[in-house]
Amino acid sequence: MGQGVSCRVGNEHELFRSVQRGELETVESMVDEHPAILRLKTVHGRLSALHVAAANGRPHVLSMLLDRSVHPDVLNRHKQTPLMLAAIHGHHSCVERLLQAGANILTFDSLSGRTCLHYAAYYGHSDCLQSIISAATSSPVAHSWGFGRFLNVRDDKGATPLHLAARQSHSECVHMLLSEGALVCASTGGYSFPGSTPLHLAARAGSLDCVRELLAWGADRHQRDSSGRTPYAVALKHKHWSCALLLNPSAPEPLTWPASLKFISELNPDAKALLEKALIEANEAREKFILKGTPYKNFPNSDPVGDDVDSEVGDADVCSICFELACTIEIQECGHQICAHCTLALCCYKKTNPSTSNFKAPVCPFCRSSITRLNVAQKITINSDLDLEQSPSQPRISQKSFNLNEGSYDGDLEVEHSPSQPRLSQKSFNLNEGSSSFKNRSSLGSLGRMAGISFGKAAANCDIECDKL
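Mapped onto UniProt numbering, the consecutive letters of the sequence shown carry residue numbers 1 to 469.
Following this line, the structure appears as structure tokens:
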């Protein structure tokens with residue numbers, strides 16, 4: 001694991017003690033006087049001066065040594081590089097400097113066959129992990145080995161960085177790896193119990209945060225390890241009751257991140273953050289129902305909109321689907337705006353089949369055009385007539401009724417293109433041939449209730465295609 005790597009140099013050469021203490025001037029004078037001492041290594045761990053600087057978090061000394069042409073990938077007794085030791089001990093500045101110097105992120109040690117990515121994930125140093133992942137996208141790894149292959153690289157026992165982060169309960173690292181494309185259902189070889197997925201390991205550790213993250217990214221609660229145990233059985237065995245409640249196969253299905261949709265993988269950071277926040281809030285409501293038995297809502301009041309037009313978020317900013325939350329996401333092609341929760345429901349309404357490559361993109365509920373790109377909604381201002389003032393390219397919409405179940409507009413939904421201001425007039429919304437008045441705004445929007453069917457116990461009997469939204 002790297003725990004055996006010691007930075008204590010005892011009575012070794014004065015060079016290592018000076019490096020360990022970060023005495024830059026002393027080290028410089030010693031190197032200037034005897035350049036050959038840079039080739040010295042400690043007796044027991046075969047640590048070079050660069051290893052000692054990296055392990056003790058001495059970036060100035062480390063930088064000086066690199067400037068003196070010390071190779072960044074020098075190996076110790078266990079074939080570990082200075083980059084690995086910096087990742088083990090969480091010295092982010094040293095990690096950054098070694099990566100700038102061209103340190104190899106694909107070196108495997110002889111202890112467990114692990115890379116610097118494994119060690120950053122195992123010890124939970126998310127800043128080091130992010131730097132290594134970023135370096136992988138621009139280094140030769142992305143062109144030769146492939147970024148996805150590097151992200152899911154296995155050690156000698158078949159554990160990926162995601163397995164290690166989940167086993168050690170590092171939820172931030174778990175989230176980071178999943179958002180970059182780590183395989184959520186990959187099974188181990190000999191690590192822990194053979195055939196364990198990251199969800200099995202999170203259940204074994206009793207990490208509720210890791211269980212949440214893995215479920216939200218599509219981890220299979222029914223997948224069994226080589227002993228035939230589900231994550232639910234593992235949680236029960238180790239008496240992690242809260243994890244067991246969430247992993248119970250009979251509990252409502254969690255809302256999952258629609259990673260298979262192409263436009264989701266191309267989201268800008270701001271839009272992605274909004275949708276991830278909506279995903280967390282939706283699943284928190286599910287948790288509240290499961291863990292405490294309170295009424296279940298898929299879309300909680302995270303950003304409620306008041307009835308007063310003079311409030312901070314006016315009626316014109318209200319999502320025209322749920323009539324409860326502010327519009328934060330804009331569909332680029334048509335310019336229609338909805339809240340992040342309803343956007344997520346459109347994308348997650350039907351779980352995609354990973355065995356097929358044809359994923360049908362959801363459609364805009366207003367104009368029926370396919371959604372291919374999402375952006376953060378621009379600020380909308382309100383005039384005295386409650387007109388929505390946006391850019392001249394936005395459509396003017398007058399909504400009277402909309403039948404979502406039949407996939408058509410009921411009555412007179414008018415889409416008027418205006419060279420000046422778009423206009424939105426809201427009257428009623430028809431779902432399942434029943435109307436929902438704007439005067440009685442439910443805390444759970446119409447699309448939220450629709451999504452609740454898919455993610456609740458009725459999910460097994462519900463098979464509605466995305467393109468029928």
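No residue lacks a Cβ here, since even glycine has one placed at the ideal position from N, Cα and C.
For residue i and residue j, I'd like the C-alpha separation in whole angstroms.
i: Leu215; j: Pro231; result: 11 Å
i: Cys334; j: Asn283; result: 29 Å
i: Asp155; j: Leu346; result: 39 Å
i: Glu14; j: Thr107; result: 29 Å
i: Phe402; j: Ser320; result: Residue confidence is low: Phe402 scores 35 on pLDDT, short of 50, so the model does not pin down where it sits. Its coordinate-derived value is still stated next. About 11 Å.
i: Pro161; j: Ala186; result: 11 Å
i: Ile37; j: Val31; result: 7 Å
i: Leu374; j: His44; result: 56 Å
i: His200; j: Val211; result: 9 Å
i: Gln100; j: Ser63; result: 10 Å
i: Asp270; j: Glu276; result: 10 Å
i: Ser242; j: Gly228; result: 22 Å
i: Arg68; j: Ile338; result: 57 Å
i: Phe147; j: Ser138; result: 9 Å
i: Lys400; j: Cys348; result: Low per-residue confidence applies at Lys400: pLDDT is 36, beneath 50, and the placement is therefore not dependable, though the value from the model is reported in the following sentence. Approximately 26 Å between the Cα atoms of the pair.
i: Arg204; j: Arg167; result: 7 Å
i: Leu47; j: Ala159; result: 27 Å
i: Phe323; j: Ala273; result: 22 Å
i: Gly181; j: Val141; result: 16 Å
i: Leu279; j: Ala259; result: 12 Å
i: Leu325; j: Val318; result: 6 Å
i: His143; j: Asn104; result: 14 Å
i: Ala136; j: Ala165; result: 19 Å
Taking 6 Å as the limit between beta carbons, can you name the residues of its chain near residue i, skipping five residues before and five after?
i: Leu183; result: Asn152
i: Phe366; result: His336
i: Ala251; result: Ile290
i: Leu117; result: Ile132 and Pro161
i: Lys157; result: Gly189, Gly190 and Tyr191
i: Gly218; result: Val184 and Thr256
i: Leu236; result: Ala244
i: Met78; result: It is worth fixing the name first, because residue 78 is His in this sequence and not Met. Within the same chain, His78 has close Cβ partners Asp109, Ser110 and Leu111.
i: Thr343; result: Ile329
i: Leu66; result: Ala101
i: Gln332; result: Arg373 and Asn375
Just curious, the beta strand (DSSP E) that residue i is in, first and last residue?
i: Glu253; result: No beta strand (DSSP E) holds Glu253; DSSP gives it neither H nor E.
i: Asn375; result: Leu374 to Val376
i: Ile329; result: Ile329 to Ile331
Which stretch, first to last residue, makes up the alpha helix (DSSP H) that contains residue i?
i: Val95; result: His92 to Gln100
i: Cys342; result: Ala340 to Cys348
i: Thr26; result: Leu24 to Glu33
i: Val234; result: Pro231 to Lys237
i: residue 473; result: The chain is shown from 1 up to 469; residue 473 falls before or after that span and cannot be answered.
i: Asp67; result: Pro59 to Asp67
i: Lys360; result: Premise fails: Lys360 is in no alpha helix (DSSP H) and is neither H nor E.
i: Phe289; result: Pro269 to Lys292
Using a 10 Å radius around the Cβ and a threshold of 16 neighbouring Cβ atoms, would you call residue i buried or exposed?
i: Ser454; result: Annotation note: pLDDT 36 at Ser454 (below 50); position unreliable, coordinate value reported separately. It counts as buried.
i: Pro59; result: buried
i: Glu330; result: buried
i: Lys41; result: buried
i: Val95; result: buried
i: His34; result: exposed
i: His240; result: buried
i: Gln80; result: buried
i: Asn268; result: exposed
i: Arg97; result: buried
i: Pro82; result: buried
i: Pro249; result: exposed
Apart from the five residues just before and just after residue i, which ones in its own chain have a Cβ nearer than 7 Å to its Cβ?
i: Val19; result: Val27, Ala49, Val52, Ala53, Arg58 and Val61
i: Glu213; result: Ser171, Val174, His175 and Leu178
i: Tyr119; result: Gly2, Met84, Ala87 and Ile88
i: His163; result: Thr188, Tyr191, Pro198 and Leu201
i: Leu208; result: Ser242 and Cys243
i: Ala377; result: Cys327, Thr328, Ile329, Glu330 and Gln337
i: Leu24; result: His60, Val61 and Met64
Take residue i and list the residues in its own chain whose beta-carbon comes closer than 8 Å to its own, dropping the five residues that flank it on each side.
i: Met176; result: Ser126, Leu129, Gln130 and Ile133
i: Asn440; result: Bear in mind that the predicted position of Asn440 carries a pLDDT of just 36, short of 50, making it unreliable; the figure below should be weighed with that in mind. Same-chain partners within the cutoff: there are none.
i: Trp145; result: Leu106
i: Glu287; result: Arg212 and Leu246
i: Phe263; result: Ala361, Ile371, Thr372, Arg373 and Leu374
i: Ser265; result: Ala259
Using beta carbons (cut-off 9 Å, strictly below), is residue i in contact with chain C?
i: Glu28; result: As a matter of chain content, chain C is missing from the structure shown, which is built from one protein chain.
Say yes only if the C-beta of residue i is nearer than 8 Å to one or more non-hydrogen atoms of the ligand NAD, and no if none qualify.
i: His238; result: Ligands displayed in this structure: none; no statement on the ligand NAD is therefore possible.
Give a yes or no on contact between the segment 116-134 and the segment 90-97, applying the rule of three or more CB pairs nearer than 8 Å. yes
Touching or not, the segment 189-196 and the segment 219-238, by the rule of three or more beta carbon pairs under 8 Å? yes
Would you be able to state if there are at least three C-beta pairs under 8 Å between the segment 112-120 and the segment 68-76? no
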